[in-house]
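In this note's numbering, the protein residues as written are 698 to 792.
Below you'll find the structure, written out as structure tokens, and then a few comments.
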């Protein structure tokens, strides 16, 4: 599975934010964005060709969106096999 496509899908409306995708077991994930100093945390799972997720602390609102890699020109940085980042200084992750 192309997890960078998942992150590109999730950041579609948050391109100015710093974003991180951390993969967990069985295609579940944690998605964190930092916009204007405000941190938002989401958790969810891959469901076939779509992503189901909700904001941490707000289980009443759930989202499901199709995975779309139309914006494949968005540069996603693969930090490790289970962490992807967008709009961050890559030097933060170097040795």
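All C-beta atoms in this analysis are idealised placements derived from N, C-alpha and C, irrespective of residue type, glycine included.
Tell me the residue span of the beta strand (DSSP E) that contains residue 723. Taken as a continuous stretch (DSSP letters only), residue 723 belongs to no beta strand (DSSP E), as it is neither H nor E.
Residues bridged to residue 749 by DSSP? Under DSSP, the beta-bridge partners assigned to residue 749 are 742, 761.
Given a threshold of 16 other Cβ atoms within 10 Å of its Cβ, counted over all protein chains shown, does residue 758 qualify as buried or as exposed? It is exposed - the Cβ of residue 758 has fewer than 16 other Cβ atoms within 10 Å.
Indicate the three-state DSSP secondary structure (helix, strand or coil) for residue 708 in the structure shown. The answer is coil: DSSP assigns residue 708 none of H, G, I, E or B.
Kindly list the residues whose CB is nearer than 6 Å to the CB of residue 775, restricted to its own chain and excluding five residues on each side of it in sequence; keep chain order. Hits under 6 Å: 781.
Looking at C-alpha atoms only, which residue of 779, 772, 710 is the closest neighbour of residue 786? Checked all of 779, 772, 710; the closest Cα to residue 786 is 772.
For residue 765, which residues in the same chain have their Cβ closer than 6 Å to its Cβ, ignoring the five residues on either side in sequence? Only 706 meet the Cβ criterion.
With 16 other CB atoms within 10 Å as the buried threshold, where does residue 703 fall? Buried: at least 16 other Cβ atoms inside 10 Å.
Compare the C-alpha of residue 722 against each of 742, 738, 710, 730 and name the closest. Selection 742, 738, 710, 730 evaluated against residue 722 yields 742 as nearest (Cα-Cα).
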